[in-house]
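Peer 1: The numbering used here numbers the first residue of the sequence shown as 940 and each following residue consecutively. Don't be surprised by glycine CBs; every beta carbon is placed ideally from N, CA and C.
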Amino acid sequence: MGTPMDRDAVAKLTPAQRECLRLVLVHGTSKRIGQALNLSSHTVDMHIKAAMKKLDAKSRFDAAKALAAAEGNLHQNLVHQAPEVPDTTENASPTVLPG
């Protein structure tokens, strides 16, 4: 996202679109993002699709990466945890996405 056109596209994102894309980077589903932001999953999907269109991104993750790169946060947001890691804590509280 280094070209002026790319920066212009990112600048056109609404705050809600930006927040949804930031949560996509931490592998949030639309349902989990909606819970974190007090939105329906349908509304989350609408924000993400609109952002994808503005950024000319082929996927929600590509749009999220483009925003992170424009904000200078790409490497700190891309965290991977293997899905097979079991939760060994008793009475574990639900995962809360950063907001």
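Are the beta-carbon atoms of ALA950 and HIS986 separated by less than 8 angstroms?
Peer 2: It is not a contact, given that the beta carbons lie outside the stated cut-off.
Peer 1: Around the Cβ of SER969, are there at least 16 other Cβ atoms within 10 angstroms (buried) or fewer (exposed)?
Peer 2: With 16 or more other Cβ atoms within 10 Å, it is buried.
Peer 1: From this set, LYS997, ASP945, ASP984 and ARG946, which residue's C-alpha is nearest CYS959's C-alpha?
Peer 2: Out of LYS997, ASP945, ASP984 and ARG946, ASP984 has the C-alpha closest to the C-alpha of CYS959.
Peer 1: Going by DSSP in three states, GLY973 sits in which element: helix, strand or coil?
Peer 2: Helix, per DSSP.
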